[in-house]
Amino acid sequence: MLHFELVTPEKLVRSEDVHMVVVPGTEGDFGVLEGHAPFMSTIRDGAIQIHRTSGGTPETIAIRGGFAEVNARGLTVLAEHAD
Amino acid sequence: MASLKALKIRIGSVKSTQKITKAMKMVAAAKLRRAQEAAQNGRPYAERLERVMASLATRVSGVGASPLLAGTGKDQVHLLVVATSERGLAGAFNSNIVRAARRKAEELIAQGKTVKFYIAGKKGRVLKRFYPNDILVDHEMGAIKYVSFDDAREVADDVIARYLNGEFDVAHLFFSKFVSALVQEPTGIQIVPVPLPTAGKGQATDGGAVTEYEPDEETILADLLPRNVAVQVFRALLENAASEQGSRMNAMENATKNAGDMIKRLSIQYNRARQAAITTELVEIISGAEAL
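Those protein sequence lines, which keep their order, are chains B and S.
So for the first sequence, the UniProt record's numbering puts the first residue at 1; every next one is plus one.
So for the second sequence, the UniProt record's numbering puts the first residue at 1; every next one is plus one.
Right, dumping it as structure tokens:
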């Protein structure tokens, strides 16, 4: 499972283990699965999709002003707004 | 000695003051809990951003870096952003912040620098008295009940815009750090140019894998720098909010206690005066009866 965190300056919105997260990067969407290579990207305003299980319906969260980091611990999305 | 009636009125007025200070203390305690929670909730974001900035900083060379990082190359004009509360009656909370800012200002002026002020919060306006010509902005925060990131962003964007406009070279931020409900520390930090956190040794452990950047390190850093300023401001405002309530809680607790002492003292005085009056009356009656 991929450890996924969504953080805004106001609070820690999500911190959970999921199957896959699709992030709207500035240079195109990218999906992050477990064991992704270390990666950093800015995010354009849009919706991130959280796939809890493979094949399930994704949950979407709209974010603004974001930034994503993938490291050995998982995926961290820093956003100014999330709702 | 004051008349009985005057004493009674006085006791009544102190009592109602005590009621008010007691209520204010309760309100501050309730708000403190909320403010503390907000400050805590803001921590993960700040921590992660700092970590990312630290790892980026080691990779980006100083050449061609954003002016927010590299500075203007000068060190002449300093901007002091002073964040205070909107309301008084919070003990020495506001005056402590203002005093810290003034000390820094005097230090800078002694070094021959130019100092300008950015006032965020009504109670910082006392600075106008000391430096009437150096107030750059007087930012109104009156309508804000609980600080949101947008409020911080607004201040930060304004500061950055003025910086890029060449209005100042270095910016410091003054606020009160929340240590505990009893202790608040007036603090000053530099926010522009962004002081880069130095990556600790433990942080370079990404399994040796090379991180990929999209678009590239410089662009990401340039995107993060203004955000970092906003986060610093946001953190300061949150800490301030918690400190303000903590400070007010203490001040009001002391005021309540003082009012209690005063009531006790006045009551004793009142009772003595009453007794004295009764004694005098008795003496008059008795001596009148004896004279018959």
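Heads up, the beta-carbon is just placed ideally off N, CA and C, and yes, glycines get one too.
This structure is a prediction, so every number in the text was calculated from the model and none was measured.
Inter-residue spacing [alpha-carbon to alpha-carbon] between A277 of chain S and S267 of chain S: In the second sequence, the residue the question calls residue 277 of chain S occupies position 277. In the second sequence, the residue the question calls residue 267 of chain S occupies position 267. About 15 angstroms.
Element boundaries [beta strand (DSSP E), containing D29 of chain B]: Here residue 29 of chain B refers to the residue found at position 29 when the first sequence is read from its first residue. Counting along the chain, the beta strand (DSSP E) containing D29 of chain B begins and ends at 28-32.
Helix, strand or coil at G260 of chain S [DSSP, three-state]: On the second sequence, residue 260 of chain S is found 260 positions in, with the first residue counted as 1. Three-state result, G260 of chain S: helix.
Where M40 of chain B meets chain S, residues with beta-carbon distance less than 9 angstroms: Here residue 40 of chain B refers to the residue found at position 40 of the first sequence. Within 9 angstroms Cβ-Cβ: V52, S55, L56, T211, E212, Y213, E214, E217, I220.
Straight-line gap, P186 of chain S to E5 of chain B (C-alpha atoms, nearest Å): Here residue 186 of chain S refers to the residue found at position 186 of the second sequence. Here residue 5 of chain B refers to the residue found at position 5 of the first sequence. Distance between the alpha carbons of P186 of chain S and E5 of chain B: 33 angstroms.
Chain S contact residues for V7 of chain B, given Cβ-Cβ distances below 8 angstroms: Residue numbering aside, residue 7 of chain B sits at position 7 when the first sequence is read from its first letter. At a C-beta separation below 8 angstroms, V7 of chain B has these neighbours in chain S: P44, Y45, R48.
Chain S within 8 angstroms of residue 97 of chain B, Cβ atoms only: Absent from the model: residue 97 of chain B. The displayed extent of chain B is 1 to 83, so no value can be given.
Nearest candidate by alpha-carbon position, reference L193 of chain S, set S:V27, S:H172, S:F178, S:E140: As a working mapping, residue 193 of chain S is identified with position 193 in the second sequence. Here residue 193 of chain S is Pro; the residue named in the question, Leu, does not match the sequence. The shortest Cα separation from P193 of chain S among S:V27, S:H172, S:F178, S:E140 belongs to S:H172.
Spatial distance of H139 of chain S from G31 of chain B (CA atoms): Locating residue 139 of chain S in the second sequence gives position 139, counting from the first residue. Locating residue 31 of chain B in the first sequence gives position 31, counting from the first residue. Those two C-alpha atoms are separated by around 42 angstroms.
DSSP three-state assignment for Y213 of chain S, whether helix, strand or coil: Start at 1 with the first residue of the second sequence, and residue 213 of chain S comes out as number 213. Three-state DSSP puts Y213 of chain S in a strand.
Distance CB(F168 of chain S)-CB(K116 of chain S) smaller than 8 angstroms: Indexing the second sequence from 1 puts residue 168 of chain S at position 168. Indexing the second sequence from 1 puts residue 116 of chain S at position 116. Going by C-beta atoms, F168 of chain S is nearer than 8 angstroms to K116 of chain S.
Bridge partners - I285 of chain S, DSSP secondary structure assignment: On the second sequence, residue 285 of chain S is found 285 positions in, with the first residue counted as 1. Answer is none; I285 of chain S lacks a bridge partner.
Proximal residues to M249 of chain S (C-beta, below 8 angstroms), its chain only, five neighbours per side dropped: Residue mapping note: residue 249 of chain S aligns to position 249 of the second sequence, counting from 1. Only K25, A28, A29, L32, A181 meet the Cβ criterion.
8 angstroms Cβ cutoff, V82 of chain S in contact with chain B: Here residue 82 of chain S refers to the residue found at position 82 of the second sequence. Chain B contact via Cβ: absent.
Own chain residues within Cβ distance below 7 angstroms of T279 of chain S, not counting five before or after: The residue you call residue 279 of chain S lines up with position 279 of the second sequence. Correct list: empty, nothing qualifies.
Within chain S, the residues that E80 of chain B reaches when beta carbons sit closer than 9 angstroms: Counting from 1 along the first sequence, the entry for residue 80 of chain B is found at position 80. Those within 9 angstroms of E80 of chain B in chain S are F149, D150, R153, R227, A230.
Cross-chain neighbours of G31 of chain B in chain S, by beta carbon under 7 angstroms: Residue mapping note: residue 31 of chain B aligns to position 31 of the first sequence, counting from 1. Ordered by position in chain S, no residue passes the 7 angstroms Cβ test against G31 of chain B, which lies about 14 angstroms from the chain.
Rounded separation between A241 of chain S and S85 of chain S - CA only: Locating residue 241 of chain S in the second sequence gives position 241, counting from the first residue. Locating residue 85 of chain S in the second sequence gives position 85, counting from the first residue. Near 7 angstroms, if we compare the C-alpha coordinates of S85 of chain S and A241 of chain S.
Buried or exposed (CB count within 10 angstroms, at least 16 for buried), Q275 of chain S: Here the question's residue 275 of chain S lines up with position 275 in the second sequence. Label assigned to Q275 of chain S: exposed.
Short CB-CB distance (under 8 angstroms) between D134 of chain S and chain B: Counting from 1 along the second sequence, the entry for residue 134 of chain S is found at position 134. Not closer than 8 angstroms to any Cβ of chain B, the Cβ of D134 of chain S fails to qualify, so no.
Beta-carbon spacing of V77 of chain B, I48 of chain B below 8 angstroms: Along the first sequence, one-based indexing puts residue 77 of chain B at 77. Along the first sequence, one-based indexing puts residue 48 of chain B at 48. Yes, the Cβ-Cβ distance between V77 of chain B and I48 of chain B is below 8 angstroms.
Listed by chain order, chain S residues near T76 of chain B by CB distance under 8 angstroms: As a first step, residue 76 of chain B must be located in the first sequence, where it is residue number 76. In chain order: R48.
Extent of the continuous alpha helix (DSSP H) to which Q36 of chain S belongs: Reading the second sequence from its first residue, position 36 is the one you call residue 36 of chain S. Where Q36 of chain S is concerned, the enclosing alpha helix (DSSP H) stretches over 4-41.
Cβ-based burial, M1 of chain B [other Cβ within 10 Å; buried from 16]: Here residue 1 of chain B refers to the residue found at position 1 of the first sequence. The residue is exposed, with fewer than 16 neighbouring Cβ atoms inside 10 Å.
Cross-chain neighbours of G25 of chain B in chain S, by beta carbon under 8 angstroms: As a working note, residue 25 of chain B is residue 25 in the first sequence. Those are E214, listed as they occur along chain S.
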